[in-house]
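Asker: Have a look at this one before I ask anything.
2 protein chains.
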Amino acid sequence: MMTSTQYSSAYQELHRLFTRLSRFDHLSAISGWDMQTMMPPGGNKARSEALAELSVLRHQILTDRNTGELLDRAQQETLEEIDRANLREMRRQYDNAVLVPDSLVEAKSLAGARCEHAWRTQRPANDWRGFSVNLREVVKLSREEAQIRANALGCSRYDALLNLYEPGMRSSDLDRIFGDLKTWLPDLLQKVVAKQQQEPCLIPQGPFDVDSQRKLGLSVMAMLGFNFDGGRVDVSAHPFCGGVPEDVRITTRYNEKEFLTALLGIIHETGHARYEQNLPREWLDQPVALARSTAIHESQSLFFEMQLARSADFLKIIRPLIVNQFGEQPALAEGNFIRLNQRVKPGLIRVDADEVSYPAHVILRYEIERALIEGEIEVEDIPALWNEKMLSYLGLDTTDNYRNGCMQDIHWTDGAFGYFPTYTVGAMYAAQLFHSASNALPNLNQAIAAGDLSGLFQWLQQNIWRHGSRYSTETLITNATGETLNPRYFRQHLENRYL
Amino acid sequence: MMTSTQYSSAYQELHRLFTRLSRFDHLSAISGWDMQTMMPPGGNKARSEALAELSVLRHQILTDRNTGELLDRAQQETLEEIDRANLREMRRQYDNAVLVPDSLVEAKSLAGARCEHAWRTQRPANDWRGFSVNLREVVKLSREEAQIRANALGCSRYDALLNLYEPGMRSSDLDRIFGDLKTWLPDLLQKVVAKQQQEPCLIPQGPFDVDSQRKLGLSVMAMLGFNFDGGRVDVSAHPFCGGVPEDVRITTRYNEKEFLTALLGIIHETGHARYEQNLPREWLDQPVALARSTAIHESQSLFFEMQLARSADFLKIIRPLIVNQFGEQPALAEGNFIRLNQRVKPGLIRVDADEVSYPAHVILRYEIERALIEGEIEVEDIPALWNEKMLSYLGLDTTDNYRNGCMQDIHWTDGAFGYFPTYTVGAMYAAQLFHSASNALPNLNQAIAAGDLSGLFQWLQQNIWRHGSRYSTETLITNATGETLNPRYFRQHLENRYL
Ligand SMILES: [Zn+2]
Ligand SMILES: [Zn+2]
Numbered sequence: 003m004m005t006s007t008q009y010s011s012a013y014q015e016l017h018r019l020f021t022r023l024s025r026f027d028h029l030s031a032i033s034g035w036d037m038q039t040m041m042p043p044g045g046n047k048a049r050s051e052a053l054a055e056l057s058v059l060r061h062q063i064l065t066d067r068n069t070g071e072l073l074d075r076a077q078q079e080t081l082e083e084i085d086r087a088n089l090r091e092m093r094r095q096y097d098n099a100v101l102v103p104d105s106l107v108e109a110k111s112l113a114g115a116r117c118e119h120a121w122r123t124q125r126p127a128n129d130w131r132g133f134s135v136n137l138r139e140v141v142k143l144s145r146e147e148a149q150i151r152a153n154a155l156g157c158s159r160y161d162a163l164l165n166l167y168e169p170g171m172r173s174s175d176l177d178r179i180f181g182d183l184k185t186w187l188p189d190l191l192q193k194v195v196a197k198q199q200q201e202p203c204l205i206p207q208g209p210f211d212v213d214s215q216r217k218l219g220l221s222v223m224a225m226l227g228f229n230f231d232g233g234r235v236d237v238s239a240h241p242f243c244g245g246v247p248e249d250v251r252i253t254t255r256y257n258e259k260e261f262l263t264a265l266l267g268i269i270h271e272t273g274h275a276r277y278e279q280n281l282p283r284e285w286l287d288q289p290v291a292l293a294r295s296t297a298i299h300e301s302q303s304l305f306f307e308m309q310l311a312r313s314a315d316f317l318k319i320i321r322p323l324i325v326n327q328f329g330e331q332p333a334l335a336e337g338n339f340i341r342l343n344q345r346v347k348p349g350l351i352r353v354d355a356d357e358v359s360y361p362a363h364v365i366l367r368y369e370i371e372r373a374l375i376e377g378e379i380e381v382e383d384i385p386a387l388w389n390e391k392m393l394s395y396l397g398l399d400t401t402d403n404y405r406n407g408c409m410q411d412i413h414w415t416d417g418a419f420g421y422f423p424t425y426t427v428g429a430m431y432a433a434q435l436f437h438s439a440s441n442a443l444p445n446l447n448q449a450i451a452a453g454d455l456s457g458l459f460q461w462l463q464q465n466i467w468r469h470g471s472r473y474s475t476e477t478l479i480t481n482a483t484g485e486t487l488n489p490r491y492f493r494q495h496l497e498n499r500y501l
Numbered sequence: 003m004m005t006s007t008q009y010s011s012a013y014q015e016l017h018r019l020f021t022r023l024s025r026f027d028h029l030s031a032i033s034g035w036d037m038q039t040m041m042p043p044g045g046n047k048a049r050s051e052a053l054a055e056l057s058v059l060r061h062q063i064l065t066d067r068n069t070g071e072l073l074d075r076a077q078q079e080t081l082e083e084i085d086r087a088n089l090r091e092m093r094r095q096y097d098n099a100v101l102v103p104d105s106l107v108e109a110k111s112l113a114g115a116r117c118e119h120a121w122r123t124q125r126p127a128n129d130w131r132g133f134s135v136n137l138r139e140v141v142k143l144s145r146e147e148a149q150i151r152a153n154a155l156g157c158s159r160y161d162a163l164l165n166l167y168e169p170g171m172r173s174s175d176l177d178r179i180f181g182d183l184k185t186w187l188p189d190l191l192q193k194v195v196a197k198q199q200q201e202p203c204l205i206p207q208g209p210f211d212v213d214s215q216r217k218l219g220l221s222v223m224a225m226l227g228f229n230f231d232g233g234r235v236d237v238s239a240h241p242f243c244g245g246v247p248e249d250v251r252i253t254t255r256y257n258e259k260e261f262l263t264a265l266l267g268i269i270h271e272t273g274h275a276r277y278e279q280n281l282p283r284e285w286l287d288q289p290v291a292l293a294r295s296t297a298i299h300e301s302q303s304l305f306f307e308m309q310l311a312r313s314a315d316f317l318k319i320i321r322p323l324i325v326n327q328f329g330e331q332p333a334l335a336e337g338n339f340i341r342l343n344q345r346v347k348p349g350l351i352r353v354d355a356d357e358v359s360y361p362a363h364v365i366l367r368y369e370i371e372r373a374l375i376e377g378e379i380e381v382e383d384i385p386a387l388w389n390e391k392m393l394s395y396l397g398l399d400t401t402d403n404y405r406n407g408c409m410q411d412i413h414w415t416d417g418a419f420g421y422f423p424t425y426t427v428g429a430m431y432a433a434q435l436f437h438s439a440s441n442a443l444p445n446l447n448q449a450i451a452a453g454d455l456s457g458l459f460q461w462l463q464q465n466i467w468r469h470g471s472r473y474s475t476e477t478l479i480t481n482a483t484g485e486t487l488n489p490r491y492f493r494q495h496l497e498n499r500y501l
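So the protein sequences, as listed, match chains D and R.
Take the first sequence: its letter number 177 is residue 179 in our numbering, and every next letter is one higher.
Take the second sequence: its letter number 49 is residue 51 in our numbering, and every next letter is one higher.
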C-alpha cells in the first residue's frame, strides 16, 4: 500500500538524513536493551557515556540549520500523500528538538538523572524531604521547558508537554474524558468490589519453576502471533518492549511464587511487540513508520492484555497450557481461574492495579502534575493532595506513606510530566477498538473460544499497525472506529465484564 | 602509573575526538556482539546497515582534514611520554584509514561480503570453481590496497598488510622465524606422534549436559580471575572475545558429546578477556589503551590455553571440577586426562590442531598468501600449492578436498591477508613470556599445583596488560623478557612438554 517515490529534492535529502538517524536509533535501542537485560554492573558508566554521545550526535544532526532549511524547501515540493505525512513527522521531530536550548536539555537531563538515582534509595527509606529537594529542581526545569514549548505552540504549559506523548491531545480533552469517568467509576468500583466479595477466589499454590514459566510464556507468545524471527523475550527488572521494529525485544520478570504477573506481563508486551513488528515495513527507516503515539502504543498492549487475555473466552484457551506446565490444582479450575484474572481490588500501587481501579491512579496523577506544571501548586503541596485524592477516589489512606504514595513512580523523577494520562487514554482506545473489531467480526467470541485469533489480528493490522504515523491519532481512530475517542466503550466494557 | 595531563592544545582536541570515537566503537562492539549471540535472523539486514552507518561516520570523523591538521600541530607540542605514545597510536589509526580511498574500502568490503556469503554454501559443496571467481576479486582489491599502503610505507605489499595486524613486523622477520621452525618442527612432530602411539588414551564418554558444562566453564573462569562485574560468557556459532574493556563478552559453543573443546575454548577466550579487562583503566577511551596487536592478544589467550591450562599441574587442579560436574570415569583418571589434553595428531583442519602441528598450518598459509599478494602466484595456483605443502609439512593428502583444504578458513574470503602469521607469532610470544614468568616466579609450578595463580597474573598485569599500546611490540616484549621475539622458547616448550 505504501510505496516510496524517488525525488531528487529537498525531501529526498531529508529522507536520507532520517534514514541515517534511524540507524543511529537502532544502535541506541539495542545497546539500551542490552543495558537492561545483559550488561554486568561494571559496564554502566561506559555504556551511559556511549549512549549519551550518540544522542548528542543525533540531536546535532537533527537540529542543524541545514535540516530546518530542507524542511522549509520540502514544504514547497509536490509530494505524494504518504511522503507529505512523512514530512510532517520529520518536522514534528525537528520542532520538538530545536525549540529547547541545549543548555536546558542538558540541565534537565542531569537534574533528572540525579533525582532518579537518589529516588532509588529515597523511596525505600520513605524520605520525602530528601526527594522533594531534587524534585523541585526537576519541576523548575520542566516548567521552563514547558513554557518555551507553550510559547511556540500557543497553548498552556501542560498541553505543550502532553503534546510530546500524545500529539494533538489537549488537557481540555482530558478534563472532559476524566470528568465523565469520575461521574461513574467510583460507583462502579464499589459495586464490583461488593459483588466479588460474595465470590470465593483461590490463589494458585507454587512454586512455579522459572523454566516452565518461560516455556509457557513462549507458547502464549506464539499463540498471539509474535514473530520470533524478528524478536525475542528476556528478563529485566522492569518489563518493557524495546529493540527495533525489525528485532523487537520484550522482557518480563519471573517469580517462583506466582506466575500470573509474568504471564500477563508477557501478553501485555506482546501487544506492544506486534504493533512494532507490523509497522509499515517499506518505511521502517522513516519517521512515518514510527508508532503513532504513547497512548496508541498502550492501546495495543491493553487490547492484548485487558480486552483479549482477561476475557473468559481467552482465559479458557490458555488454561490448558498452564495446566500442562504446572499440573491441575483447584485454583486453576476454570471458574476460579477466570475470577482470579478478573479480580478487582483497590490498592495503593498503580502498577499492581486492576483495570477498574487503574484510572483512579491516573486521574489523581494527572490532576496533580498538571497543577504542578501550570504553577498552581508547588512540590510541597503534593503529599496532602495525594492523600486527599487517594481517599476520595479509592478510599485508601496514604498519610506519611510516601513510599507507596507520591514516591512510587519513576516518571516524575525524570521530568516525564504528561505521560500518565496516556495509560488511561490507551485503555479507552483499546475498548473502543475492541468494540469496533467485534462489530466487524461477527463471530469473534466463538473464534477466540476456538483459539482462532487471526481475524482479530488482521483487523488490527488493517486498522492500526500498518499505518504507523501516517495519520493523526484522531484520523487513525476515526477511520478504525467511525468516531474520535469515546469513553463510552470503556465504561461498557467494564460494566459488561465486572457487573 | 599512567596519569592524564591537561593540555589546551591540538593534542587536547585530539584527545576529545578519540574519546568520541571510542564511544561509537563501544556501541559497534556491543551491537556486533549481540548480532553473534542474541539477534534473531530477521534482524540481520537492519543491523548490518546500522553498523555500516556508524563505521562510515567513524571513518569520516577520523579522516577529516581537521584530524590531520591537529595531528601535525600536536606533533610540535611538548607532551608527556604517555601522551606522545597516545599521539603515535592516533596517527597510526589516521594513517591507516586515510591512505586508502573510500571507493576502494567500499569495493573491498562489498567483494569480501559477497565472497564470504557464498563461501558459507560453497565450502560444504566443495565448490572451488565457484569460490575462486569471488576470491579473485578479493585478491585483486587486496593487492590494490596493499600497493597503496606499500607505496606510503616504503615496503613490500605483503608487509604493508602485515603491518595492520602486527605493527612493525616484516615478512623478513617471519621468514627467519618460520625458516627456523621448519628445520626442527617436522622432526619433532614425527617423534611425538611415534611416542604417543605407545600410550593408550581413552576418550571421555558423554553425554555431558550443557548446563553442567556452563557451570564448569564459569568455575574455571572464576579460577582464572575473569571479572564478572565487567563481562559475561554466552554462546555463539564461532567462539570469540568481544565487547569493550569495561564489559568483555566472551563466547563458546557447547556439544553434548564432548566437553573439552568448549572448556579449553573458554580458557582461551578468558586469556583474551583478562588482557582486555586489565588494559590501563584511566586511558580506556584513548588509542594508547588498546591491546598492542593481534599477535600479543593471541599470546595472552595461548598463554592461558596452551602454556597454563594444558600443563600437567593445571590439568590436575581442574580435573576435580570436571569430575564434580560429570562424575568419575576411566578417561578422567589423572594420567589419561593429561594425555588427552596433550595429544598430538596432525589433521586437515587448522582450528582443531594441537599446538605442535598448528604452526605447519600457519606457515603453509603464510607462504601461499604472501606469494598471492606479491603477485608471484594466482588464485588458481592455490590448490596445488596447498596439496604440496600439506603433504610436505604434515604428510596429509588434500587432493580435491577443497572443503577441508584451502577453503576451510574465513580469513581470505574477507581479504584479511596478513592475519594468519599472528597465530604462531602469538604462540611464540606466549612461550617466551611463560619462560620469563617462570624465571621471575621461582615456585611457579608449586603455586599452580596449589591452585594459586595470583603470581602469574600479577606478572602478566605488570608486564603486558597494563601497558596497552604504550610501547611498540618489540619494546613491550624486550621489557618483559629481556629480548625480542625468540622462537627458542617455543621450541623448548614443545620439547619439554611432548618429548
Ligand atoms: Zn505498556
Ligand atoms: Zn584467540
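Built from N, CA and C at the ideal position, the CB exists for glycine as well.
All figures in this text were calculated on a predicted structure; none of them were measured in a lab.
Is the segment 86–100 of chain D touching the segment 371–386 of chain D, taking contact as three or more C-beta pairs under 8 Å?
Answerer: No, they do not touch.
Asker: Does the Cβ of S6(R) have 16 or more other Cβ atoms within 10 Å, making it buried, or fewer, making it exposed?
Answerer: Within the second sequence, the letter at position 4 stands for residue 6(R). Any answer about S6(R) is weak, because its pLDDT of 48 lies below 50 and its placement is not dependable; what the coordinates show is given next. With fewer than 16 Cβ atoms within 10 Å of its Cβ, S6(R) is classed as exposed.
Asker: So who's on the other strand from G233(R), going by DSSP bridges?
Answerer: Indexing the second sequence from 1 puts residue 233(R) at position 231. According to DSSP, which records beta bridges pairwise, G233(R) is partnered with V250(R).
Asker: For ligand 3, I want to know if S303(R) counts as a neighbour, meaning its beta carbon is within less than 8 Å of at least one of the ligand's heavy atoms.
Answerer: This structure lacks ligand 3; the ligands present are ligand 1 and ligand 2.
Asker: What three-state label does DSSP hand A12(D) in the structure shown?
Answerer: As a first step, residue 12(D) must be located in the first sequence, where it is residue number 10. In this structure, A12(D) counts as helix in the three-state DSSP scheme.
Asker: Starting from the N-terminal side, write out each stretch of the beta strand (DSSP E) that is 3 residues or longer and does not extend beyond the segment 77–145 of chain D.
Answerer: none
Asker: Would you check whether ligand 2 has a heavy atom nearer than 8 Å to the C-beta of E300(R)?
Answerer: Along the second sequence, read from residue 1 onward, the residue named residue 300(R) stands at position 298. At least one heavy atom of ligand 2 is nearer than 8 Å to the Cβ of E300(R), so yes.
Asker: So does H274(R) have its beta carbon nearer than 8 Å to some heavy atom of ligand 2?
Answerer: Taking the second sequence and counting its residues from 1, one reaches residue 274(R) at position 272. Yes, Cβ of H274(R) sits closer than 8 Å to a heavy atom of ligand 2.
Asker: So, L342(D) versus P206(D), is the Cβ gap smaller than 9 Å?
Answerer: Indexing the first sequence from 1 puts residue 342(D) at position 340. Indexing the first sequence from 1 puts residue 206(D) at position 204. In contact: L342(D) and P206(D) (Cβ atoms closer than 9 Å).
Asker: So is D502(D) in contact with chain R if we call contact Cβ pairs under 9 Å?
Answerer: Residue coverage of chain D in this structure runs from 3 to 501, which leaves residue 502(D) outside it and unanswerable.
Asker: Does any residue of chain D have a CB that is nearer than 9 Å to the CB of H28(R)?
Answerer: Here residue 28(R) refers to the residue found at position 26 of the second sequence. So yes, H28(R) belongs to the interface.
Asker: Tell me whether W35(R) is buried or exposed, calling it buried when 16 or more other Cβ atoms sit within 10 Å of its Cβ.
Answerer: Taking the second sequence and counting its residues from 1, the one referred to as residue 35(R) is at position 33. Flag for W35(R) reads buried.
Asker: Whole-angstrom Cβ separation of Q279(R) and G219(R), contact assumed at under 8 Å?
Answerer: Position 277 of the second sequence holds residue 279(R). Position 217 of the second sequence holds residue 219(R). The Cβ separation is near 17 Å, so there is no contact.
Asker: Given this structure, state the Cα-to-Cα distance separating E336(R) from I320(R), to the nearest angstrom.
Answerer: Your numbering for residue 336(R) matches position 334 in the second sequence. Your numbering for residue 320(R) matches position 318 in the second sequence. Roughly 10 Å between the two C-alpha positions.
Asker: Given M3(R), which residues of its chain have a CB within under 6 Å of its CB, disregarding the five upstream and five downstream residues?
Answerer: For the purposes of this step, residue 3(R) is taken as residue 1 along the second sequence, with counting starting at 1. Its pLDDT being 40, under 50, M3(R) is placed unreliably by the model, and the measurement read from it follows with that caveat. No residues qualify anywhere along the chain.
Asker: Name the two residues that bound the continuous alpha helix (DSSP H) containing S359(D).
Answerer: Here residue 359(D) refers to the residue found at position 357 when the first sequence is read from its first residue. Taken as a continuous stretch (DSSP letters only), S359(D) belongs to no alpha helix (DSSP H), as it is neither H nor E.
Asker: Consider the Cβ of M92(R): report whether some Cβ of chain D lies at a distance smaller than 9 Å.
Answerer: For the purposes of this step, residue 92(R) is taken as residue 90 along the second sequence, with counting starting at 1. Output row for M92(R): interface = no.
Asker: In chain R, which residues lie less than 8 Å from F228(D) when you measure between Cβ atoms?
Answerer: Position 226 of the first sequence, counted from the first residue, corresponds to residue 228(D). Near F228(D) there are no residues of chain R at all, since even the closest Cβ is about 11 Å away, more than 8 Å.
Asker: Assuming M92(R) contacts L16(R) (C-beta within less than 8 Å), just tell me the rounded distance between them.
Answerer: The residue labelled residue 92(R) in the question sits at position 90 within the second sequence. The residue labelled residue 16(R) in the question sits at position 14 within the second sequence. Right, the Cβ-Cβ distance comes to about 6 Å (below 8 Å), so this counts as a contact.
Asker: For I179(D), I'd like the list of residues in its chain whose CB is within less than 6 Å of its CB, leaving aside the five on either flank, ordered along the chain.
Answerer: By 1-based counting over the first sequence, the position of residue 179(D) is 177. So the qualifying residues of the chain are P489.
Asker: Could you tell me whether the Cβ atoms of L396(R) and G349(R) are closer together than 9 Å?
Answerer: Here residue 396(R) refers to the residue found at position 394 of the second sequence. Here residue 349(R) refers to the residue found at position 347 of the second sequence. Yes. Within cutoff.
Asker: Tell me whether G156(D) sits in a helix, a strand or coil according to DSSP, three-state version.
Answerer: Residue 156(D) sits at position 154 when you count from the first residue of the first sequence. In this structure, G156(D) counts as coil in the three-state DSSP scheme.
Asker: Between R22(D) and chain R, is the shortest Cβ-Cβ distance under 9 Å, so that the two count as touching?
Answerer: Sequence index remark: in the first sequence, residue 22(D) carries index 20 (1-based). It does; some Cβ of chain R falls within 9 Å.
Asker: Does the beta-carbon distance from P281(R) to A293(R) come in below 9 Å?
Answerer: In the second sequence, residue 281(R) corresponds to position 279, counting from 1. In the second sequence, residue 293(R) corresponds to position 291, counting from 1. Strictly speaking, residue 281(R) in this sequence is Leu, with Pro absent from that position. Yes, the Cβ-Cβ distance between L281(R) and A293(R) is below 9 Å.
Asker: Within this structure, are the beta carbons of L19(R) and L72(R) separated by less than 9 Å?
Answerer: Residue numbering aside, residue 19(R) sits at position 17 when the second sequence is read from its first letter. Residue numbering aside, residue 72(R) sits at position 70 when the second sequence is read from its first letter. Yes, these two residues count as a Cβ contact at 9 Å.
Asker: For I51(R), would you say it is in contact with chain D, using Cβ-to-Cβ distances shorter than 9 Å as the test?
Answerer: Reading the second sequence from its first residue, position 49 is the one you call residue 51(R). It is Glu, not Ile, that sits at residue 51(R) in the sequence shown. It does; some Cβ of chain D falls within 9 Å.
Asker: Identify whether E284(D) lies in helix, strand or coil by the three-state DSSP scheme.
Answerer: On the first sequence, position 282 is the one that residue 284(D) refers to. The DSSP-derived three-state label of E284(D) is helix.
Asker: Using a C-beta cutoff of 9 Å, does K217(D) count as contacting chain R?
Answerer: On the first sequence, position 215 is the one that residue 217(D) refers to. No, because no Cβ of chain R sits closer than 9 Å to the Cβ of K217(D).
Asker: Does any C-beta atom of chain R lie closer than 9 Å to the C-beta of L286(D)?
Answerer: For the purposes of this step, residue 286(D) is taken as the residue at position 284 of the first sequence. Chain R contact via Cβ: present.
Asker: For S221(D), I'd like the list of residues in its chain whose CB is within less than 6 Å of its CB, leaving aside the five on either flank, ordered along the chain.
Answerer: What you label residue 221(D) is simply residue 219 of the first sequence in a count that begins at 1. So the list reads L323, once near-sequence residues are dropped.
Asker: Using a threshold of 9 Å, state whether the C-beta atoms of L29(R) and L64(R) are closer than that.
Answerer: Numbered from its first residue, the second sequence carries residue 29(R) at position 27. Numbered from its first residue, the second sequence carries residue 64(R) at position 62. Not a contact, by the Cβ cut-off of 9 Å.
Asker: At a cut of 8 Å, does the segment 391–409 of chain D reach the segment 418–428 of chain D through at least three beta carbon pairs?
Answerer: no
Asker: Going by DSSP, what residues sit across from N257(R) in a beta bridge?
Answerer: Numbered from 1 along the second sequence, position 255 holds the residue referred to as residue 257(R). In the DSSP output, where bridge partners are listed per residue, N257(R) has E260(R).
Asker: Using C-beta distances below 7 Å, list every residue in its chain close to C203(D), excluding the 5 sequence neighbours before and after it, in chain order.
Answerer: Taking the first residue of the first sequence as position 1, residue 203(D) is located at position 201. So the list reads N338, R341, L342 and R345, once near-sequence residues are dropped.
Asker: When the cut-off is 9 Å and only beta carbons count, does I268(R) lie next to chain D?
Answerer: The sequence position of residue 268(R) within the second sequence is 266, counting from 1. Taking Cβ atoms only, chain D never reaches closer than 9 Å to I268(R), which makes this a no.
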